[in-house]
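Just so we're aligned, residue 1 is where the sequence shown starts under our numbering, counting upward by one.
From the three backbone atoms N, C-alpha and C, an ideal C-beta is built for every residue, glycine too.
To keep things clear, I will list the structure first and then write my remarks on it.
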Amino acid sequence: MSLENAGLGGYIVNLASTAGLEPFPYCSVYTSTKHAIVGFTRSLGIDTVLVKTGVKFITICPGATETALFRQSNMGSIFLLPWMEEPGKKMMRQIPVQSPSTVGECVIRALVEGETGSVWICAAGKIQCATLPLSWNEWNSSNER
1 MSLENAGLGG YIVNLASTAG LEPFPYCSVY TSTKHAIVGF TRSLGIDTVL
51 VKTGVKFITI CPGATETALF RQSNMGSIFL LPWMEEPGKK MMRQIPVQSP
101 STVGECVIRA LVEGETGSVW ICAAGKIQCA TLPLSWNEWN SSNER
């Protein structure tokens, strides 16, 4: 895919979660893996990588989505400590759930409108590009002035 290897460039879209953007009580291991996806993708989503490879890196952070994973009966495995399961499940039952098609629409919109390194949120049926702390692209361009 990389221009460096005679490829045509392209897109890499990584799926994280809204749990990768803020603390998500009772689900610390799950949350930390989603934070890692956001950080990894944003770190590759810099202009230098885009120019050399022709590849845009975009992160999608869906909120609760009606999937087997979200509704599975053994969801207790995502809680770090046994006592976290009951309050964690109670909290999760209060989160608005969206359809998988909303996540699909978010991916399409991000591919059409998204800059490399951008992070897109689709939660409760709403889609938006996230405003996060200063990215490397923004920091680097502000220091070139």
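Q) Which residues share a DSSP beta bridge with L3? A) Bridge partners of L3: none, in fact.
(Q) Give me the DSSP bridge partner(s) of T65. (A) In the DSSP output, where bridge partners are listed per residue, T65 has Q98.
(Q) Using a Cβ-Cβ cutoff of less than 6 Å, which residues in the same chain neighbour A130 once the five nearest sequence positions on both sides are dropped? (A) Result list for A130: V119, I121, in chain order.
Q | Coarse secondary structure for G125, derived from DSSP in three states | A | Correct three-state label for G125: coil.
Q. With DSSP run on the structure shown, which of helix, strand or coil describes F57?
A. Strand at F57.
**Q.** Under the three-state DSSP convention, the category L132 falls into
**A.** Secondary structure of L132 (DSSP, three-state): coil.
Q: Would you mind sorting T67 into buried or exposed? The rule is 16 or more other CB atoms within 10 Å of its CB.
A: Exposed: under 16 other Cβ atoms inside 10 Å.
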